[in-house]
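J.:
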Amino acid sequence: MLDPGKVTLTELDAIYRGGPVWIDPAARAGVEASAQIVARAAAGADPVYGVNTGFGKLASVRIAAEDTATLQRNLILSHAAGIGPALPRDVVRLTMALKMISLARGASGVRWDIIQLLQDMLATDVIPVIPQQGSVGASGDLAPLAHLAAVMIGEGEAVYDGDRLPGADALTAAGLTPVVLGAKEGLALINGTQVSTALALAGLFRGWRIATTSLVTGALSIDAAMGSGAPFRPEIHALRGHLGQIEAAAFLRILMAGSDIRESHRDEDERVQDPYCLRCQPQVIGACIDLMRQAAQTLRVEANAVTDNPLVFEDGSIVSGGNFHAEPVAFAADQIALALAEAGAIAQRRIALLVDPALSFGLPAFLSPSPGLNSGLMIAEVTSAALMSENKALANPRSVDSTPTSANQEDHVSMACHGARRLLEMADNLSGIVAVEALAGAQGVELRAPLETSPALKQIIDVIRAAVPPLKEDRLIAPDIERMAELVEAGGLRHPDLPELEIL
């Protein structure tokens with residue numbers, strides 16, 4: 009049961025992964041009171057933006073009371089101007105949930121019927137088809153949210169029972185009835201940052217799991233390269249004080265405890281220091297952890313926010329503001345992008361180290377037992393480099409871009425929507441990099457036999473080997489990478505002691 013204004017990241021993650029969505033019915037009284045205020049304004053003589061006026065640059069045009077429903081319907085139809093492939097199902101579900109949470113705060117002036125229809129659509133799995141492109145992140149995610157709202161009025165398209173259907177047909181098949189929008193309801197549905205926020209949360213949830221999993225594959229790489237455990241001593245990280253760094257170092261100590269490989273070179277090792285990609289993992293991934301947690305708190309606040317316009321207050325006033333501007337989401341998306349890029353960059357350098365006999369402290373070239381006749385993981389490393397480079401380019405900030413729209417009425421915009429959408433591609437790329445490191449790390453540790461790794465890392469290698477056998481001679485390698493990427497995405501390499509996203 010979701011309590012509007014107090015929904016947690018854990019609850020949102022559960023929704024993203026297919027969980028049910030139910031709004032606390034205690035919110036209904038506030039919602040209906042807000043709707044009554046709007047109804048009185050619609051019947052009154054005073055102009056109220058979005059209630060009895062046009063929209064945007066057309067706000068000075070007065071709309072007759074008998075045209076209220078037509079005004080709201082026309083708003084949805086005209087604004088459903090998106091283009092491109094449809095958003096993923098899980099993102100659309102999360103968008104719908106976020107819109108329900110926002111409307112249920114009781115400051116948007118909609119009837120409970122609107123929230124109920126969204127809830128019923130989720131319960132019966134009627135998922136609107138929302139094109140990915142068309143939002144500049146202010147005045148809200150107008151085009152994509154209009155495609156969502158279009159299904160609610162029996163227009164647009166939706167997926168139901170695996171079929172892509174006209175919106176009206178999808179609702180009928182699910183036993184639902186389209187709604188006739190009242191005053192301000194169309195505007196409340198399409199004004200808001202819910203698509204941008206859903207995309208950013210999706211990138212956050214996926215990115216967090218993959219980036220923190222890189223600590224597991226990073227530990228494999230340390231042992232495969234016969235790296236030192238000294239840089240992970242708690243005193244080092246306590247002196248700096250960053251929580252993510254402290255947690256990352258503690259986790260690496262847990263994974264590496266009891267490694268015979270580590271003990272075998274504790275003495276008489278001519279190397280004084282390991283490369284940064286090994287010994288600076290706590291500093292780099294720890295910083296990524298801290299940055300993603302900061303972004304997560306921004307998105308938690310935004311997920312609970314009322315971001316449409318105008319807003320309806322308990323004193324009866326209806327006031328235009330600018331909560332639809334998605335600048336906080338754009339900043340959060342840029343922060344997450346930086347973290348994903350850096351997590352992939354340092355992981356890729358570890359892969360490069362392991363396949364290079366000049367750096368890997370005795371491992372064969374490209375981790376092949378018979379290099380020369382076999383190329384081993386040579387091009388798998390190149391693939392990881394390509395993915396890393398793509399993520400570097402994708403990490404360039406989107407929030408610094410803006411362009412005036414709507415006849416200069418909306419003259420500064422956030423670009424949050426595509427800034428957040430690119431996180432999904434970056435998460436795909438990062439899972440590929442971590443997958444290659446898992447293959448390389450496991451192969452490198454096994455090539456240290458008869459020396460054995462730690463009990464914790466043995467368990468990780470067992471999981472890897474259940475999906476992909478050791479590379480004894482060259483074979484088609486792409487399926488191995490794909491299986492490992494799927495395992496990384498599914499959380500198969502995660503460990504119960506990994507840091508948690510939400511600190512309650």
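Letter 245 of the sequence shown, counting from 1, is numbered 253 in the numbering used here, and no numbers are missing. Just so it is clear, CB atoms sit at the ideal spot from N, CA and C, and this is done for glycine as well.
#1: Identify which residue in LYS466, VAL444 and ILE485 has its Cα closest to the Cα of VAL496.
#2: Would you call the stretch 312-330 and the stretch 408-421 in contact, with 3 or more CB pairs under 8 angstroms?
#3: For GLN140, tell me which candidate among LEU126, THR103, LEU20 and PRO372 has the shortest Cα-Cα distance.
#4: Using only alpha-carbon positions, find the residue among ASP505, ILE387 and GLN356 that is nearest to ASN437.
#5: Could you check the C-alpha separation between ALA178 and THR201 for me, to the nearest Å?
#6: Around the C-beta of TYR24, are 16 or more other C-beta atoms found within 10 angstroms, so that it is buried, or is it exposed?
#7: Given that a residue counts as buried once 16 or more other Cβ atoms are within 10 Å of its Cβ, and exposed if not, what is LEU66?
#8: Apart from the five residues on each side of it in sequence, which residues of its chain come closer than 6 angstroms, Cβ to Cβ, to LEU111?
#9: Just to confirm before moving on: does the CB-CB distance between ALA131 and PRO28 stay below 9 angstroms?
#10: Could you pull out every residue in the same chain whose Cβ sits closer than 6 angstroms to the Cβ of ALA303, ignoring the five residues on either side in sequence?
#11: Are the CB atoms of LEU432 and PRO96 within a distance shorter than 9 angstroms?
#12: Rounded to a whole number of angstroms, what is the C-alpha to C-alpha distance between GLU508 and VAL224?
#13: Are the CB atoms of ILE297 and GLU255 nearer to each other than 9 angstroms?
#14: Keeping to the same chain, check which residues put their C-beta closer than 6 angstroms to that of GLY62; ignore five residues upstream and five downstream.
#15: Using the Cβ count rule (16 or more neighbours within 10 Å means buried), how would you classify PRO239?
#16: Name, in chain order, the residues that DSSP records as bridge partners for GLU418.
#17: So for THR61, helix, strand or coil by DSSP?
#18: Name the residue from LEU17, VAL442 and ALA464 whose alpha carbon lies nearest to the alpha carbon of ALA208.
#19: Can you grab the Cα-Cα spacing for the pair PHE282 / SER236, in whole Å?
#20: Which residue's Cα is closest to the Cα of LEU375: VAL188, ILE326 and ALA446?
#21: In three-state terms, what does DSSP make of ILE135?
#22: Buried or exposed: where does TRP30 fall if 16 or more other Cβ atoms within 10 Å of its Cβ makes it buried?
#23: Excluding five sequence neighbours on each side, which residues of the same chain lie with their C-beta closer than 8 angstroms to the C-beta of MET300?
#24: At which residue ranges does the stretch 140-184 contain complete alpha helix (DSSP H) runs of 4 or more residues, listed in the order of the chain?
#25: To the nearest angstrom, how far is it from the Cα of ALA51 to the Cα of GLY114?
#26: Less than 9 angstroms separating the beta-carbons of LEU173 and ALA227?
#27: Compare the beta carbon distance of GLU310 and PRO336 with 9 angstroms and say whether it is the shorter of the two.
#28: Is there contact here, the stretch 379-398 with the stretch 356-365, by at least three beta-carbon pairs under 8 angstroms?
#29: Could you check if ILE230 is buried or exposed, using at least 16 other CB atoms within 10 Å of its CB as the buried criterion?
T.: Well, looking at it:
#1: Taking VAL496 as reference, the option from LYS466, VAL444 and ILE485 with the minimal CA-CA separation is VAL444.
#2: no
#3: THR103
#4: GLN356
#5: 25 angstroms
#6: buried
#7: exposed
#8: Hits under 6 angstroms: VAL118 and ILE123.
#9: Their beta carbons are under 9 angstroms apart, which means ALA131 touches PRO28 by this criterion.
#10: ALA340, GLN343 and ILE344
#11: yes
#12: Roughly 14 angstroms separates the two Cα atoms.
#13: yes
#14: Closer than 6 angstroms at the Cβ level, and outside the excluded window around GLY62, lie VAL69.
#15: buried
#16: Within the DSSP bridge table, the entry for GLU418 names THR413 as partners.
#17: strand
#18: Comparing Cα positions, the closest option is LEU17.
#19: It is worth fixing the name first, because residue 282 is Asp in this sequence and not Phe. If I take the Cα positions, the gap works out to 7 angstroms.
#20: ALA446
#21: Secondary structure of ILE135 (DSSP, three-state): strand.
#22: An exposed status is given to TRP30, since fewer than 16 other beta-carbon atoms sit within 10 Å of its beta-carbon.
#23: LEU212, GLY215, TRP216, ALA219, GLN343, ILE344, ALA347 and LEU509
#24: Counting only runs that start and end inside the stretch 140-184, the alpha helix (DSSP H) elements of at least 4 residues fall at 150-160 and 175-181.
#25: 20 angstroms
#26: no
#27: yes
#28: yes
#29: Residue environment for ILE230: buried (at least 16 other C-beta atoms within 10 angstroms of its C-beta).
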